[in-house]
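**Q** Numbering (my numbering), first residue to last: 282 to 600. Have a look at this one.
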Amino acid sequence: MSGFRLFHGAQILSAVFATGSIILATIIALISLVITIANFSKRSLLFKVFTIILTIIATLVDFIIILYSNDGRYMKQSWQNENNYTYFGTMNNDKPHGWGKLFDKEENIYYVGEFSNGMPDGNGKFYKKTGKNDDKGQDIMFVWKEGIFFQGKGEGHVILREFIDGKPVEIYDGEMVNDEKCGHGISHKYMDDKSYEIYEGGWADNQKCGYGIETKYDKSENIRSKYTGTFWSNKYFGKHICEYISNSNDKFIRVGWISFDEDNNEEIKNADYAYYLFDNKSLWSYRKGETETKNADLDQQQRQEIIEKWPMPQKTIWD
């Protein structure tokens, strides 16, 4: 019985060594030794020596079998792909499988996390430099991506961080499909003048799509505009409420339906909405299609029809 326990302990010890946990292996070895001594303390010295030698041999043999087996799923190895990327971690059938680290040909860390059949698969982190320097001598882009991956691509909840010269450009926290923003997500974008925008809502094919809220801030973190409504391919499209401050610091609220041109630069292709001047809560102008009617040109009935169709929101960003 003692010999069986020792051999079983040797198998456990070998597996632990093969997975790289030396501390755990040492603890198991000490426990096994104490149990062994307790079980045959009354045996003869020759029996004790023989049992200990047998245990050592069994441990070494079992460890060698696991280390050099064709399966090798418990073994930590180094491996290099066709792009001269180097992998350190567990392998199966001569491919990264399990947990490991992948380094690029410049020996910068590229990916840390789970692998399956040679591909990043499961929970992990990507570190990717997409270029060396731009015309200003800055790093073109450094991408840090953490989350769930399938065959090397983001699939599920992912946190994406992009940097230029160490400064954040965009932080995205949300869903991805086939390594593209798709589903619900929150994006923080940072501009060179220290202004920034936050968008929360729907995404498709890496673009804002569906219902969302886009809020733009100046460098002093004051809200300059807030768009609440639908998007299509990163463009304002459909029913919405847009609150914004003009260059002359007038506060306006646009309520209605709208679509912009391909560049989304306020050149309206089609629209039906009301403009309100916030300071006096009055209807300022009305636009439909390519025509605009000023407040002074509207009779009372026209004004009332517009207000009923596109009422001013009860609460705004300035209330």
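Glycine is no exception: its CB is placed at the ideal position from the N, C-alpha and C atoms.
Which same chain residues end up closer than 8 angstroms to residue 303 when comparing Cβ atoms and leaving out the 5 residues on each side of it in sequence?
**A** Any reading at residue 303 is ruled out, since the residue's pLDDT is 45, under 50, leaving its predicted position unreliable.
**Q** Whole-angstrom Cβ separation of residue 483 and residue 465, contact assumed at under 8 angstroms?
**A** Right, the Cβ-Cβ distance comes to about 6 angstroms (below 8 angstroms), so this counts as a contact.
**Q** On a Cα-Cα basis, can you pick out the residue from 564, 591, 592 that is closest to residue 580?
**A** Nearest of 564, 591, 592 to residue 580, Cα basis: 564.
**Q** 7 angstroms is my cut-off, CB to CB: does residue 554 come that close to chain C?
**A** Considering every chain present, this structure includes no chain C. It has just one protein chain.
**Q** Do residue 524 and residue 507 come within 7 angstroms of each other at the CB atom, strictly closer than that value?
**A** In contact: residue 507 and residue 524 (Cβ atoms closer than 7 angstroms).
**Q** Beta-carbon separation of residue 467 and residue 478 under 7 angstroms?
**A** Cβ distance not < 7 angstroms, so residue 467 and residue 478 don't count as in contact.
**Q** Mind checking which residues open and close the beta strand (DSSP E) that includes residue 598?
**A** First-last for residue 598: undefined, no H or E at that position.
**Q** Keeping to the same chain, check which residues put their C-beta closer than 7 angstroms to that of residue 505; ignore five residues upstream and five downstream.
**A** If we look at residue 505 and ignore the five residues flanking it on each side, its Cβ neighbours are 497, 498, 499, 525, 526.
**Q** How long is the line joining the alpha carbons of residue 410 and residue 360, rounded to whole angstroms?
**A** Cα to Cα, residue 410 sits roughly 22 angstroms from residue 360.
**Q** Considering only the beta carbon of each residue, do residue 434 and residue 460 sit closer than 7 angstroms?
**A** Yes, the pair counts as a contact, with Cβ atoms nearer than the cut-off.
**Q** Could you check how far apart the C-beta atoms of residue 522 and residue 509 are, in whole angstroms? I think they sit under 8 angstroms.
**A** Between residue 509 and residue 522 the Cβ distance is about 5 angstroms, and since that is below 8 angstroms, they are a contact.
**Q** Just grab the DSSP bridge partners of residue 442 for me.
**A** Residue 442 is bridged to 425, 452.
**Q** Since residue 367 and residue 379 are thought to touch, with beta carbons under 8 angstroms apart, how far apart are those beta carbons, to the nearest angstrom?
**A** Going by Cβ atoms, the distance from residue 367 to residue 379 rounds to 16 angstroms, so no, they are not a contact pair.
**Q** Using beta-carbon positions only, say whether residue 556 and residue 584 come within less than 7 angstroms of one another.
**A** Contact flag unset, no.
**Q** Enumerate in chain order the residues of its own chain whose CB-to-CB distance from residue 592 is below 8 angstroms, with the five nearest sequence positions on each side excluded.
**A** Counting only Cβ-Cβ distances below 8 angstroms, and skipping sequence neighbours, we find 536.
**Q** When DSSP labels each residue in this structure, what does residue 353 get in the three-state scheme?
**A** Per-residue confidence for residue 353 stands at a pLDDT of 41, beneath the threshold of 50, marking its modelled position as unreliable; the derived number appears in the next sentence. Note: residue 353 maps to coil in three-state DSSP.
**Q** For residue 462, which residues from the same chain have a beta carbon less than 7 angstroms from its beta carbon, with the 5 sequence-adjacent residues on both sides left out?
**A** Correct list, in chain order: 453, 455, 484, 487.
**Q** Quick one: grab the DSSP three-state call for residue 486.
**A** Of the three classes helix, strand and coil, the one that applies to residue 486 here is coil, per DSSP.
**Q** Cβ atoms of residue 405 and residue 391: under 7 angstroms apart, would you say?
**A** No, these two residues do not count as a Cβ contact at 7 angstroms.
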